[in-house]
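Novice: For reference, the structure I am asking about is given below.
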Amino acid sequence: MTRPEAGRAAAAARLRILIVGVGGQGVLTAARHLGEACLRTGHEAVLGQLHGMSQRGGSVESTVVVGGAESSFIEEGEADVVLGLEPLETLRARPRMHAQTRVVTSTTPVVPHLLSQMGKPYPPLPEILSAIRAAAPDLTTLDSAAIVRQAGARRALNVAMLGALAALEVLPFPAAALWSAVAARTPERFVAGNRRAFELGGAAAKARTSPAPGRPAC
Amino acid sequence: MSDSTNDPLLADVDGLEALLLGNEAIVRGALEAGVAFAAGYPGTPSSEVTDSFARVAGRLGLVFEYSVNEKIALEMAFAASLAGARSICAMKHLGLMYAGDPISTIPYVGVKAGMVIVSAGDPSCATSPNEQDQRHLGAMLHVPILDPSTPREAHSMARLAFDLSEKSRLPVILRATTRVCHSRAAIRCGRLGERTVAGFVRDPKRYTPIPVNARAMRLEIPGRLEAARAFMSEAGLFQRTGAGRRAVLATGAPAAVCRDILREEGLQDSVVLAVMGGVHPLPAPELCALLAEVETLLVVEELSPFVEDALCALCHEHGLRTRILGKRSGHLPVEFEYSPAIIRRGLCAALGLEVRAPVAAKALDPVVPRPPNLCAGCPHRSTYFAARAAFGKEHLYFNDIGCYTLGYGAPLDTVDGLLCMGAGFTLAAGVARVTGTRTVGFVGDSTFFHSGMAPLLNAIKEDVNMVAVILDNQVTGMTGFQESPTVSIAQGAPARKVSIEGVARALGARHVETVRPSDLAATILAFERARAASGVSVIIAEEPCPMFLGRLKGGERSRPAVYTVDHERCQTCGREGSGQRCQQPRTLGQERSMARSRALCASPEGASCDGGARPARVAPCALACPLGLCVQGYAAHIFAGQYCSAFELIASRCPLPHSVCRVCHRPCETTCVHAASGEPVAINDLKRFVADWAAREGVEERAPPRPKPNGKSAAVVGAGPAGLAAAHDLALRGYEVTLYDAADAPGGLLRSGIPLFRLPVEALERDVARILALGVRFEGGRRLGLDLNLDDLLARHDAVLVALGAHHALGLGVAGGEAEAGGAPRVVDALAYLEEARAGLVPRTGERVAVVGGGNAAIDAARTALRLGARQVTIVYRRRREEMPALKDEIAEALLEGVELCTQLDPVRLVQAAAGAPCGLECARTEPGEPDASGRRRPLRVVGSEILVEVDQVITAVGQAPETETLRVAGELLARKKDGSVEVDPETGQTSHARVFAAGDVTPGERTVTSAIAAGQRAAWGLDVGLRGRAAADLRPPPQLAAAARGAEQPHLARVDRAARRRPPELSVERRGGFDENVGALSESQARAEAGRCAVCGMCGNCRSCLDLFGCPAFYLEEGRIEIDPLLCSGCGVCAEFCPNNAIVPRSEP
């Protein structure tokens, strides 16, 4: 049975972005911002969100599939980009990564209450990061707590992470397009703080990623 | 966020492209169709439909309501349709079942204006208790069903559904599953439709399905369904792409996945893909044509083989031989949502494609799960916490759908069962009815109105033995903050509309209480009243959801304070430095008891904790206890029903629990914070309850493991309380211990001096057996000075611990005593008298007896004399009654039994009987003079005040001195004090000889059983320090000297339990003729209630209540320390109310 290459190409043209985090961090909003940016720049995108019970401090994920797919699933080994708003949640997404997955993760832990109840410590960050790297070596880390503090916008963690993602030039649109999508959906009084977070996130990501020539552009 | 000006649902622009959620796309489609009435009840994944209508209804002028339940929403939409308004109602799949009654008749009556029912399905039970396949309702109810695969289709089908409904005069079910409802995609919008309301045209025959009409209506249904089928066919709801002899037929969300897979596999042209947008009525002509064309057809549909079976029937009917594959052929599963991997596997197998090997998933370490949790500051958490504090482990909790479900499992553990909306009450009532035990049912405010009122009424009608709790956070929380009937969101600021309390009372509930859960004390007390009541008790826990309040204020929470942990106090035992911290593992029950007590005492009822209440580092009772017993620790165990843990905690510090719980002088109770009100906690009775329980249950037979020998041997001389305690501790320290005593059996004063009606011999024997079981060797009948001497003992043992009693009775020091034979009253020593009585020898007892003295020996002797036949017993004491050293209760008992008490009388001389004058004891009246060395005022005889107390026997109990003449090493006496007692280092008990230690009455100090035990333990430690050094000895720290306790901080409590202390049963005075034990033990319920009065005045090093019982997500552990995340803390302060250590305090800057 031959499989026409065109089909493969269609699948390969898709960019599957998985956003993970903890309820309340703005996972769904981050996906929405990406979706709006796609709409503004003429890229087809479908977004998926699993929530309900999970918004009460549980794990939350959202998917953004760019490039003409009809369903928003991202399955094992399918995520091209993982944006992790919390280190353990990024680690949890490992099965969905492949060797070329570009991972951007916050290094600020939100301790799962189950761990505290069991009296166990949060796993050491270096261990989490090296376990993520073992699945996907292209890892960018971000001290999001420091960034939102510096930005003076403590609820802008998701926007800071988007800034970092935009700076990696993995998205099919420039950072400015993403920012204007964010700005359009942000209440006036929070725009300035979010802008600082977006830019600081971008700067931090650029500083932390060494240029990798020859990486296939998405 | 997007305000109304750029809300894509409101923009009346043709061709507008907007990124809409599937649920929003449905709303947009309905608006484009000119929907004029919308209603619904929230339920994931349908909630955004109603929420979107709520958002735009006001601006567009359409009529919208959050109905009280789905049945009402559906009936309202039907009524609107009859009135000529296009109508829509939305609910989750379970909601449509709730509306089963109206929906089953509506197709008979028929709609007028288009009516659409959005019913969201939930394959894989993502947020539901089941994943029913609603497509079966189509055939059952005769209703068309549309099944979109993407948000885009949801939009177009919603618009089309109204026309379909009007053409067929049937309501249309728009069934979308989670994957469609919660996907977001670019939707090309049309213009908003015009809303019209044609009005209700009277036609009773049409709208009244009485049987005769209903039969006629039934016959119209097939025609309507055929109209629907024709319309759906014309509208192109059956779509076909591709060509070939193989086909895939898909419906719903899997259709989108099939399109993606076929494209990715490059099969979009060589395989037929048919997508059925309408699943009922079946598009039979299109299906027959397809079946006739292809050889193989794979049906891809989630849940049941609904379409697959219909195809098989069609093939049979039309004689077609097409191979139908799907669930029945095993290619696809019958349960759960289809992921692309599942579909790809089934599709490749069915079409004869090579199945791509799945990416071999490496075995990865599991990441700790992060289940959902009630938010920080959630009032439900406080309510659950209070319920668990008030109810016992024996109570069952039935709960409801919504945020309340998060009470499931640790730490709140308030879900023993759950079924559906409203069943929290019904399950509780049903279980209560058949088991006869009181149960607890919870429902939320929204649920109460939805389907909780009828179960409550039912329970009241049947007088069910249950507590019905309504968790009223004034919003429908879990589904995203929709209004509930208590509060209206639509009108802006929340205003209370319907009173739950009023409804409950109107339903006939007699016991109704409304509490504010953040007032933890009041909530616990309300639950405790409900627990004690019978019939239906209704508790309404009313406090707004803080998340919702924050949202109303534009995302900013207003926090009264942000709390932090004071690590100086957190998880800190007040005795940390002294090595007195208990070694018990913490238990949830103990933590719960302590947290409850703390909450009740920290704040006055009806007011939140003001932070002014503060426990001491160490509770006053524990400081006062010579043994340093942690009273709050065992009281908490008892309240929790953990009697074994309570006994272990007591026995870990008290070597003679059975004796101490009967004869202790109870300094703890005089320092209890409740003592001021005259009702201190009955601490010793609690100990007695536990000791008796342990004896009954045979706990002691499960003796602690024999300690490891340390190779050294010690002699203990004297087997009274001090000697027994010393032997016990030395044995635990690994010594080979020999215990010598002049008597034949161990016990000393406990065996000879305390009457049986206070300390039965069995109790003492249990204590002795515990100690001997540690390997202590007892040698009786060995008297120091006669059969033993220190020199020999020191030669045979590494060290000697002297624990002799004070057996040398002090004389009365009055004239005439020597002339007994001459008709003067007989004079006997109380100890000798008691010892004879205790041995069952019935000592000679006069008709009229005077007992001289004010201590316990005097009281015991007086009470014994009464029991041995004295007609009159008088206690003569030279000071005032309040200065009597005897236990107050014992004095009271003696008086109750008929003993006379003459205070401020000092014996002067014995008077002989002469010439008709009676014999007796001449006494002088006294008055308090200057304070003496003991700080008490010295009694001074009043000259000329002599009176004669007529008696024929005088029992003297004015004190005893130790006999220390025999304490010689190499002929030399141990150093002694002036009063003849052995001089010791008060901390170690070491005498002037390095290897001789002493404790008990032979040394200076307080002479009570309990302090003797403590002294024995201290001397055992001192001996250990001397022989093995401080480090080894400190592994088992001794009780602290009472002096160390002075000047300690006092607890401050805002509220003290004013209930009267529980009293154990006592023999009535008439039945006290013999020596049976007078006082019994508290009953179990008395003991638990009494233990619950303990205010937990001291800190606890074991406590982790905030994490173990409360589980607020703001708490986390960092390097073993409990911390509060300042970003998550809502400032509710509830944790500060129950923290037993008062370690949770507001941060200085919020």
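Protein chains in written order, with this note's numbering: chain A, 1101 to 1318; chain B, 606 to 1755. Glycine is no exception: its CB is placed at the ideal position from the N, C-alpha and C atoms.
#1: Give a yes or no on whether 9 angstroms exceeds the smallest Cβ distance from asparagine 978(B) to chain A.
#2: With a cut-off of 8 angstroms, do at least 3 Cβ pairs link the segment 1545-1561 of chain B to the segment 1501-1521 of chain B?
#3: For glycine 1460(B), count neighbouring C-beta atoms within 10 Å of its own C-beta (all shown protein chains included) and say buried if the count is 16 or more, exposed if not.
#4: Rounded to whole angstroms, how far is the Cβ of threonine 1450(B) from the Cβ of alanine 1475(B), which I believe are closer than 8 angstroms?
#5: For glutamate 972(B), which option in Ser1171(A), Glu1186(A) and Gly1123(A) has the closest C-alpha, if you only look at C-alpha atoms?
#6: Under the three-state reduction of DSSP, which class applies to histidine 1172(B): helix, strand or coil?
#7: Have a look at cysteine 1717(B) and leucine 979(B) and give me their C-alpha separation to the nearest angstrom.
#8: Could you compute how far the alpha carbon of glutamate 1299(A) sits from the alpha carbon of alanine 1264(A)?
#9: Our contact map puts aspartate 1077(B) next to isoleucine 1105(B) with C-beta atoms below 8 angstroms; I'd like the distance itself, whole angstroms only.
#10: Rounded to whole angstroms, what's the CA-CA distance from valine 853(B) to alanine 840(B)? Just pull it up for me.
#11: Using a Cβ-Cβ cut-off of 8 angstroms (strictly less than) and excluding sequence neighbours within five positions of alanine 1519(B), which residues of its own chain qualify?
#12: When you compare the CB of proline 1221(A) with every CB in chain B, is at least one pair closer than 9 angstroms?
#13: Is the distance from the Cβ of valine 618(B) to the Cβ of cysteine 893(B) below 9 angstroms?
#14: Tell me which same chain residues have a C-beta within less than 6 angstroms of the C-beta of cysteine 1230(B), skipping the five on either side of it?
#15: Output yes if chain A places a C-beta closer than 9 angstroms to the C-beta of glycine 1725(B); else output no.
#16: Consult DSSP for isoleucine 815(B) and reduce its assignment to one of helix, strand or coil.
#17: If you follow the alpha helix (DSSP H) that proline 707(B) is part of, which residue opens it and which one closes it?
#18: Look up aspartate 1629(B) in the DSSP assignment and say whether it is helix, strand or coil.
#19: Kindly confirm or deny that the segment 1292-1311 of chain B and the segment 1273-1282 of chain B touch, where touching means at least three C-beta pairs closer than 8 angstroms.
#20: Below 6 angstroms CB to CB, which residues in the same chain sit around alanine 860(B) once its five sequence neighbours on both sides are set aside?
#21: Under 9 angstroms between beta-carbons, which chain B residues line up against arginine 1254(A)? List them in chain order, please.
#22: Could you round the C-beta distance between valine 723(B) and isoleucine 631(B) to whole angstroms and report it? I think they count as a contact, below 8 angstroms.
#23: Using 9 angstroms as the limit for Cβ to Cβ distance, is proline 1212(A) near chain B?
#24: Beta-carbon of valine 1456(B) versus every beta-carbon of chain A: anything under 9 angstroms?
#25: Would you mind telling me which residues of chain B sit closer than 9 angstroms to leucine 1150(A), beta carbon to beta carbon, in chain order?
#26: Can you confirm whether threonine 755(B), when its beta carbon is compared against all beta carbons of chain A, has any partner nearer than 9 angstroms?
#27: Could you check which residue in Thr1091(B), His1116(B) and Val1092(B) has the C-alpha nearest to that of alanine 1064(B)?
#28: Just to check, is the beta-carbon of proline 1567(B) closer than 8 angstroms to a non-hydrogen atom of the ligand HEM?
#29: Helix, strand or coil for glutamate 1181(B)? Go by DSSP, reduced to three states.
#30: Just mark glutamine 1247(B) as buried or exposed, buried being the case when its beta carbon has 16 or more other beta carbons within 10 Å.
#31: Under 6 angstroms Cβ to Cβ from leucine 624(B), same chain only, skipping five residues before and after it: list those, please.
#32: Which residues in chain A sit within 9 angstroms of serine 944(B), going by Cβ to Cβ distance?
#33: So is proline 1122(B) in contact with chain A if we call contact Cβ pairs under 9 angstroms?
#34: Please confirm if glycine 1123(A) has its CB atom under 9 angstroms from at least one CB of chain B.
#35: Can you tell me which of Pro1274(A), Glu1269(A), Leu1257(A) and Pro1195(A) puts its alpha carbon nearest to the alpha carbon of arginine 1296(A)?
#36: Could you check whether the Cβ of alanine 954(B) sits closer than 9 angstroms to any Cβ belonging to chain A?
Specialist: Judging by the given coordinates:
#1: Taking the second sequence and counting its residues from 1, one reaches residue 978(B) at position 373. It does; some Cβ of chain A falls within 9 angstroms.
#2: Counting Cβ pairs under 8 angstroms, three or more are found: they touch.
#3: The residue you call residue 1460(B) lines up with position 855 of the second sequence. By the 10 Å Cβ count, glycine 1460(B) comes out buried.
#4: Numbered from its first residue, the second sequence carries residue 1450(B) at position 845. Numbered from its first residue, the second sequence carries residue 1475(B) at position 870. Under the criterion of beta carbons closer than 8 angstroms, threonine 1450(B) and alanine 1475(B) qualify as touching, at roughly 5 angstroms.
#5: By one-based count along the second sequence, residue 972(B) stands at place 367. Note on identity: in this sequence residue 972(B) is valine, with glutamate being the wrong assignment. Nearest option by C-alpha distance: Glu1186(A).
#6: Here residue 1172(B) is taken as the residue at index 567 of the second sequence, counted from 1. When secondary structure is reduced to three states using DSSP, histidine 1172(B) falls in the coil class, being assigned neither helix nor strand.
#7: Residue numbering aside, residue 1717(B) sits at position 1112 when the second sequence is read from its first letter. Residue numbering aside, residue 979(B) sits at position 374 when the second sequence is read from its first letter. Looking at the backbone, the Cα of cysteine 1717(B) and that of leucine 979(B) are separated by about 7 angstroms.
#8: Numbered from 1 along the first sequence, position 199 holds the residue referred to as residue 1299(A). Numbered from 1 along the first sequence, position 164 holds the residue referred to as residue 1264(A). For glutamate 1299(A) and alanine 1264(A), the distance between alpha carbons rounds to 8 angstroms.
#9: Position 472 of the second sequence holds residue 1077(B). Position 500 of the second sequence holds residue 1105(B). About 6 angstroms separates the two Cβ atoms, so the contact holds.
#10: Position 248 of the second sequence, counted from the start, is the residue given in the question as residue 853(B). Position 235 of the second sequence, counted from the start, is the residue given in the question as residue 840(B). Each residue's Cα considered, the two are about 21 angstroms apart.
#11: Counting from one through the second sequence, the residue named residue 1519(B) turns up at place 914. Hits under 8 angstroms: Gly1428.
#12: Looking up residue 1221(A) in the first sequence gives position 121. Under the Cβ criterion of 9 angstroms, proline 1221(A) is counted among the residues facing chain B.
#13: One-based indexing of the second sequence puts residue 618(B) at position 13. One-based indexing of the second sequence puts residue 893(B) at position 288. In terms of Cβ geometry, valine 618(B) and cysteine 893(B) do not form a close pair [threshold 9 angstroms].
#14: Residue numbering aside, residue 1230(B) sits at position 625 when the second sequence is read from its first letter. Around cysteine 1230(B): Cys1273.
#15: Position 1120 of the second sequence, counted from the first residue, corresponds to residue 1725(B). Taking 9 angstroms as the CB threshold, glycine 1725(B) lines the interface with chain A.
#16: Within the second sequence, the letter at position 210 stands for residue 815(B). If DSSP states are grouped into helix, strand and coil, isoleucine 815(B) belongs with coil.
#17: What you label residue 707(B) is simply residue 102 of the second sequence in a count that begins at 1. Going by DSSP, proline 707(B) is part of the alpha helix (DSSP H) stretching over 705-714.
#18: For the purposes of this step, residue 1629(B) is taken as residue 1024 along the second sequence, with counting starting at 1. Of the three classes helix, strand and coil, the one that applies to aspartate 1629(B) here is helix, per DSSP.
#19: Contact between the segment 1292-1311 of chain B and the segment 1273-1282 of chain B is not established, with fewer than three Cβ pairs separated by less than 8 angstroms.
#20: Taking the second sequence and counting its residues from 1, the one referred to as residue 860(B) is at position 255. Leaving aside the five residues that flank alanine 860(B) on each side, the residues in its chain whose CB is nearer than 6 angstroms to its CB run, in chain order, Ser754 and Val880.
#21: The sequence position of residue 1254(A) within the first sequence is 154, counting from 1. Within 9 angstroms of the CB of arginine 1254(A), the CB atoms of chain B belong to Leu1732, in sequence order along the chain.
#22: Indexing the second sequence from 1 puts residue 723(B) at position 118. Indexing the second sequence from 1 puts residue 631(B) at position 26. 6 angstroms between Cβ atoms; contact.
#23: Mapped onto the first sequence, residue 1212(A) falls at position 112. Chain B, which has a Cβ nearer than 9 angstroms to the Cβ of proline 1212(A), makes this yes.
#24: Residue mapping note: residue 1456(B) aligns to position 851 of the second sequence, counting from 1. Residue contact with chain A for valine 1456(B): absent (no Cβ-Cβ distance below 9 angstroms to any residue of chain A).
#25: What you label residue 1150(A) is simply residue 50 of the first sequence in a count that begins at 1. Neighbours of leucine 1150(A) on chain B, chain order: Ala731, Thr783 and His787.
#26: Here residue 755(B) is taken as the residue at index 150 of the second sequence, counted from 1. Closer than 9 angstroms to some Cβ of chain A, the Cβ of threonine 755(B) qualifies, so yes.
#27: Your numbering for residue 1064(B) matches position 459 in the second sequence. Alanine 1064(B) has its Cα closest to that of His1116(B), out of Thr1091(B), His1116(B) and Val1092(B).
#28: Summarising the ligand content, the structure contains no ligands, and the ligand HEM is consequently not present.
#29: The residue given as residue 1181(B) occupies position 576 in the second sequence. In the structure shown, the three-state DSSP call for glutamate 1181(B) is helix.
#30: Taking the first residue of the second sequence as position 1, residue 1247(B) is located at position 642. Buried, by the Cβ-count rule.
#31: Along the second sequence, read from residue 1 onward, the residue named residue 624(B) stands at position 19. If we look at leucine 624(B) and ignore the five residues flanking it on each side, its Cβ neighbours are Arg789 and Ala791.
#32: Taking the first residue of the second sequence as position 1, residue 944(B) is located at position 339. Going along chain A in sequence order, the residues near serine 944(B) (Cβ under 9 angstroms) are Phe1173 and Glu1175.
#33: The count along the second sequence starts at 1 and reaches residue 1122(B) at position 517. No, because no Cβ of chain A sits closer than 9 angstroms to the Cβ of proline 1122(B).
#34: Translated into the one-based positions of the first sequence, residue 1123(A) becomes position 23. Contacts with chain B at 9 angstroms (Cβ-Cβ) include glycine 1123(A).
#35: Counted from its first residue, the first sequence places residue 1296(A) at position 196. Looking at the Cα atoms, Leu1257(A) is the closest of the given residues.
#36: Working through the second sequence from its first residue, we reach residue 954(B) at position 349. No, alanine 954(B) does not count as interfacial toward chain A.
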